[in-house]
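Order-wise, the sequence lines are chains A and B. The letter at position 438 of the first sequence is residue 438 when you use full-length UniProt numbering, and the numbering goes up by one with no holes. The letter at position 249 of the second sequence is residue 249 when you use full-length UniProt numbering, and the numbering goes up by one with no holes. Read through the structure below, which is laid out as C-alpha cells, and then see the notes.
Number of protein chains: 2
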Amino acid sequence: MKKATGVEQSQPLFRQVSDNILNRMERGEWRAHDKLPSIRLLAEEFKVHRLTVFKAYRVLTEDGKVYVKDKSGYYVSADSVSSEEVEDGVVSSYSLSNQLSDIHRMPAKYQFSQALIDPNLLPNIYLSDYVKKVFDMYPKVMGTYATVQGDDELRESLSQHYSEHHRLQLSSEELLITSGAQQAINLIAQMMLGPMDTVLIERPTYSVAMDIFRRQGARLIPVQITPEGYDLDEVETLMRTHKPRMFYMNPTHHNPTGYTVPAWQRKVLVELAERYHCLLVEDDPFRDIYFDEEPPLPLFAYDTEGWVVYISSFSKYVAPGLRICAVACRYPFMEQLIKAKSLADNGTPQLNQKIFLHYYTSPRLQRHLAKLRIALQVHKEIMEEELAKAGWEWTAPKGGLNLWVKLPGDITAEALFRKSITQSISFVPGEICDPLGESNSWIRLSFSFANEALLREGMQQLTALSRTL
Amino acid sequence: MKKATGVEQSQPLFRQVSDNILNRMERGEWRAHDKLPSIRLLAEEFKVHRLTVFKAYRVLTEDGKVYVKDKSGYYVSADSVSSEEVEDGVVSSYSLSNQLSDIHRMPAKYQFSQALIDPNLLPNIYLSDYVKKVFDMYPKVMGTYATVQGDDELRESLSQHYSEHHRLQLSSEELLITSGAQQAINLIAQMMLGPMDTVLIERPTYSVAMDIFRRQGARLIPVQITPEGYDLDEVETLMRTHKPRMFYMNPTHHNPTGYTVPAWQRKVLVELAERYHCLLVEDDPFRDIYFDEEPPLPLFAYDTEGWVVYISSFSKYVAPGLRICAVACRYPFMEQLIKAKSLADNGTPQLNQKIFLHYYTSPRLQRHLAKLRIALQVHKEIMEEELAKAGWEWTAPKGGLNLWVKLPGDITAEALFRKSITQSISFVPGEICDPLGESNSWIRLSFSFANEALLREGMQQLTALSRTL
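What follows is the structure, given as C-alpha cells:
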C-alpha cells in the first residue's frame, strides 16, 4: 500500500497524470474506445501545464493504452483495460476478477467445484448446543469488540495446540487471528508487494491468491509442483535470479493437486528462504485432512530466522461458518501485520473467536476429525472409482479435498464445463489454477461437498458427457 | 489497487526500479541512514543495465529520499520513510499508523476515548437467550459460508427496514454486508483512490478514515464542519477546482463533533455531487442515537443518480461484537464493491448475519433503543455538568456518543493527555481528528463507555488536572 504514497511522492508530474488516467480507465470511468478528456480540460482538472498532460498522453499512446484518432483526440485502447504478458516465465496481469467465486456462484446439483465440506459431515447439533454454553460463559460477548490481534484466550490456547500437535514454538504474541485464510493472504500481500516485486507461486495454485497478488501489481513466477514436490534447483535459481519478495505455497495436501512436499524439501526450502531473503508464505488449511499417515511438519517448524509466515485455517473443517484463521509469524513482521489488520477491519469478531476456542479445544473435536477423515476418504474413493472406470488420470492424494484430473484425449476443460454446467455439474477448469493460464486438459474435482449418492451419480454423468465431446 | 498494475505497465524501467527501492524503504527493509545496495548489485537483482539503476538512484537523490556519502555509496535519508506536506489546503502523508487504536490500547479506568457503548447498557442476557433460538433455526449455520454480498434474508429485511424508517428505496441487490463500517470504508477507498486522486474530508473527522485514504496515496482536502453544517460555497469551489473522487462525510451526529448537517444542505450536496461527479460516501453509524428529535433523512434518500454510497452500521449499538455493517449503493458501483469484498475476505460470517437479522427485527430492539437513548442522554448530561462547572466550551450535540470540547486558555491536548493518562483518564486529542494536524486545543470526550459514577469522577479529576497545567 505504501508504495502508493511512495509512487505519488517520487514521480514526475506527467507520470502522476498518466497513472491517474490509467487508474480511472481501469476503474471503468473510461471504457474501451471512449474519447478521453481534452488536454485543456485535464490541465485544468489537475492544475498542471498543458504540456504535462500532453506528455502524459504521449506516454500512454506509446504504451498502447491510448490511441489518437484523426488528430482530433485521444481514445481508450481496447486492450488497455485488461492485458496479460509472459516474459521469461514471469507473469503479470491486470486481472482483478475472482473467477473462482464466479464459478461458485453458478448453482449446481453436482457440486464438485467447491472445496467445502458437506455441512452434514459437521456435528451441527452438537455445535449448536455447544455454542449456547459459550454465551452463558461470556454473557457480554455480543457487546464487546475483540482486540485487533485477536482474543488473548484463543491465541494462548492455539500456541499450546501448535506446540503439542505440530511442534511449533510460538508465543501467543506471534499469532494473529484473521477472518479466514484469504484475509490473511490479502493482508500479507498488501504489506509485502508492490510493482516490480516478484512472487514465486506454485503451478497450479489457488487462483484467488493470484488475483490478490496481481492486484498489488506483483509479477508471478510459477514453480511447478509434482507428486514429488518442487524442483529445488529450479527454486534456488529463481530465488537467485529474480530475488522474489515471497514464495506463496500450500505444501500439504496442496490445492488443487493434493500433492504434499516431502519433509527433506521443507528443510531445504527454509534454508533457501534465509539465504535469499525470500519470505515463505505457508498456507496450510488441509493439514488435518489426511487419509493414511500424518503429513510432514510445517515448514514453519524448521524456521529459526523468521522467514516463514504460517497460515493455519483449520476452522475450515471445524466450523467454516466462523471464518477463523490464525497467522503465525515473528516480530517485527507481526507488528506490520497487526497494523494492516487494524486498518482492514479493526479485528475479527469476538463471538466467533470464543465459539471456536471452546469448540476446537473440546475432546469432541478429535472424535469429529477422526470420523471426518473416514467420511472424506470414502468420498474420495467413490470419485476415484468412477474416474478409473472412465480411464481418466490422476495421482491419488494423501489428503485434502480435491482430485487433480487429466482429461482423456484432447478434451478441453472449457468444452467439458460448458456442457456439464448445463446438466448442473460444476468443477474448476485447470486453467483458472494455472499462473500461465494453460493446463486446459486438467480439472479440479472436489469430493468434499456432494454426498455419496450425488458424487457417484454426478461422476457417472460427467464421464459419460466427456464421451460425447 | 489497480493503479499498481497500471504503474507497473506504464513506467519506464528506471522509475520502476526507484519505486521498488522506495517501497522497500517504506516497508522497513532499509531504514534511515542504512547503506543501500550498490548499483552493480541492484542491476543484477533487477536484470537491468547499471545505468538504469544509476538513473533510479539519481531521481531518489533529487527527491531527497536518498543521499550520497563520500561518493562511496547511497544511503536512506532520515525523512524519506515518513513525511507530511501541506499545499493550498491539500494534505498528503505517508502516515500508515492507526493512532486512534494506539490510544485505545492504553488501559484507562476513566475511558473517555472509546466511542463504544457500555456493554452494561446492552441487553446481554436477552441477546444470549435469543441467539440460542437462532441456532435452533439454522442448525447448519456454523457449517456454511455466506455469499460474498451477504445473507439474502438479512439484505431483504434491511431493504424493508430502510424504506420504512429512512424512506430509502433500496432493493436487496443494492446492499452489501461488511464486517464493520471500517471495512466498508477500506473497500471503497481501494476501489476509488490512487495517487493524484483527491478526497474531500470533514475537518475534524474520523482519524482511521484518513489513515485509510492516505494509504491509497490520496490527497485529503479538508472541509470545515460547524454546528450549522458546511460552507456549501466552499464545497462547490473545492469540487470545481480539485475534481475530488469522493467526499467522505459523517453528516449525522458527526464524529467527533456531534454536529448534524441540516436537511436543506443535504439536498444541495447531492446536487453538487451529481454536477461535479464526486461520490458522496455517507458514513451514518449514529443515526438512531438522538436525544430529542430524529435527525434529517440520509443524503442517500435524496440521491437519484447513484452518487451516494451509504454506510449504515447500526449494529454498533445493537451488538457491536457482531461487526455487521450494511453498505447501500447502486450498480455498477455495487458490482465493483462485491468484487473487492470477495478478494478481501470472501464474505462476512453467516452466523453473525443471522444473529443480527433476528435480533434487530425483534420488537425488543425498539424498546432497547428507547432505553439506550435515555441512558446515553443521562451520560451526556453528567459530562456536560462537569464541563460547565469547569467553564470549558462545547456545542451540545443532538445525538451520538461524543462531545467536542475546547480546552480553556492555552492548554494543549497533548499536555493534558500526557498528564491524564498517568491518572488512568483517556480521551482523544483533537489533533488526531484534524486532517491538518492542528486543533491542539480541542479534545473528543466519549460519554458512552464509562458508567455514570466513573463519568462524574473522571471528569472531575480531568478538569482539576487541567488547572495544574
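Note that CB positions come from ideal geometry on N, CA and C, so glycine has one too. Only a predicted model underlies this, so the values are computations on that prediction, with no experimental measurement involved.
{"Asked": "Cutting at 7 Å between CB atoms, please list the residues of its own chain near residue 453/A, excluding the five before and the five after it.", "Found": "none"}
{"Asked": "Which word fits residue 26/B, buried or exposed, when buried means at least 16 other C-beta atoms lie within 10 angstroms of its C-beta?", "Found": "buried"}
{"Asked": "So residue 343/B and residue 211/A are supposed to be a Cβ contact under 8 Å. How far apart are they, rounded?", "Found": "6 Å"}
{"Asked": "Is the CB-CB distance between residue 115/A and residue 448/A below 8 Å?", "Found": "yes"}
{"Asked": "Give a yes or no on whether the C-beta atoms belonging to residue 377/B and residue 151/B are separated by under 8 Å.", "Found": "no"}
{"Asked": "What span of residues does the beta strand (DSSP E) with residue 73/A cover, start to end?", "Found": "73–76"}
{"Asked": "Using the Cα positions of residue 203/B and residue 329/B, report the straight-line distance between them to the nearest angstrom.", "Found": "25 Å"}
{"Asked": "Please classify residue 85/B as buried or exposed, where buried requires at least 16 other C-beta atoms within 10 Å of its C-beta.", "Found": "Because residue 85/B sits at a pLDDT of 38, beneath the cut-off of 50, its placement in the model cannot be relied upon, and the following sentence gives the value as read from the coordinates. Exposed: under 16 other Cβ atoms inside 10 Å."}
{"Asked": "Assuming residue 259/B contacts residue 225/B (C-beta within less than 8 Å), just tell me the rounded distance between them.", "Found": "6 Å"}
{"Asked": "Within the segment 366–424 of chain B, note down every full alpha helix (DSSP H) run reaching 4 residues or more, in order along the chain.", "Found": "413–422"}
{"Asked": "Could you work out which residues of chain A lie near residue 237/B, taking near to mean beta carbons separated by less than 9 Å?", "Found": "Result: empty, since nearest Cβ-Cβ is about 13 Å, beyond 9 Å."}
{"Asked": "Jot down the residue ranges of each uninterrupted beta strand (DSSP E) in the UniProt domain \"HTH gntR-type\" (11–79) of chain B, minimum 3 residues, whole runs only, in chain order.", "Found": "66–69, 73–76"}
{"Asked": "Could you check which residue in 241/A, 176/A, 297/A, 308/A has the C-alpha nearest to that of residue 273/A?", "Found": "308/A"}
{"Asked": "Round the Cβ separation of residue 59/B and residue 42/B to the nearest angstrom and send it over; I've been treating them as touching at under 8 Å.", "Found": "The pair is not a contact, with the Cβ atoms about 14 Å apart (cut-off 8 Å)."}
{"Asked": "Rounded to the nearest angstrom, what separates residue 213/A and residue 186/A at their Cα positions?", "Found": "8 Å"}
{"Asked": "Return no unless some Cβ of chain B is closer than 8 Å to the Cβ of residue 244/A.", "Found": "no"}
{"Asked": "Count the other CB atoms, across all protein chains shown, that sit within 10 Å of the CB of residue 160/B; report buried if there are 16 or more and exposed otherwise.", "Found": "exposed"}
{"Asked": "Here's a check: name, in chain order, each residue in its chain whose Cβ is nearer than 8 Å to the Cβ of residue 145/A, leaving out the five neighbours to either side.", "Found": "346, 347, 350"}
{"Asked": "Between which two residues does the alpha helix (DSSP H) harbouring residue 155/B extend?", "Found": "152–166"}
{"Asked": "Leaving out five residues before and five after residue 460/B in sequence, what residues of the same chain have Cβ atoms less than 7 Å from its Cβ?", "Found": "386"}
{"Asked": "In this structure, does DSSP put residue 426/A in helix, strand or coil?", "Found": "strand"}
{"Asked": "Is the CB of residue 67/A under 8 Å away from at least one CB in chain B?", "Found": "no"}
{"Asked": "For residue 144/A, decide whether its Cβ has a neighbour in chain B, counting only Cβ atoms nearer than 8 Å.", "Found": "yes"}
{"Asked": "Rounded to whole angstroms, what's the CA-CA distance from residue 93/A to residue 200/A? Just pull it up for me.", "Found": "Any reading at residue 93/A must be qualified, since the residue scores a pLDDT of 34, below 50, and its modelled position is unreliable; the value itself is stated next. Answer to the nearest angstrom: the Cα atoms are 15 Å apart."}
{"Asked": "Do residue 76/A and residue 15/A count as a contact pair if the criterion is CB distance below 8 Å?", "Found": "no"}
{"Asked": "Could you check where the beta strand (DSSP E) with residue 144/B kicks off and where it finishes?", "Found": "No beta strand (DSSP E) contains residue 144/B, which DSSP labels as neither H nor E."}
{"Asked": "Looking at the structure shown, is residue 318/A part of a helix, part of a strand, or coil, going by DSSP?", "Found": "coil"}
{"Asked": "State the start and end residues of the unbroken beta strand (DSSP E) segment that holds residue 202/B.", "Found": "198–203"}
{"Asked": "Of the residues 402/A, 428/A, 356/A, which one's Cα is nearest the Cα of residue 134/A?", "Found": "356/A"}
{"Asked": "What's the call for residue 169/A, buried or exposed, on a 16-neighbour Cβ count within 10 Å?", "Found": "exposed"}
{"Asked": "Report the option in 295/B, 73/B, 119/B whose CA atom is closest to the CA atom of residue 254/B.", "Found": "295/B"}
{"Asked": "State buried or exposed for residue 175/B, treating a residue as buried only when at least 16 other CB atoms are found within 10 Å of its CB.", "Found": "buried"}
{"Asked": "Would residue 171/B be called buried (16 or more neighbouring beta carbons within 10 Å of its own) or exposed?", "Found": "exposed"}
{"Asked": "Please report the distance separating the alpha-carbon of residue 131/A from that of residue 322/A.", "Found": "12 Å"}
{"Asked": "Do residue 279/B and residue 245/B count as a contact pair if the criterion is CB distance below 8 Å?", "Found": "yes"}
{"Asked": "I'd like to know whether the C-beta atoms of residue 430/A and residue 439/A end up nearer to each other than 8 Å.", "Found": "yes"}
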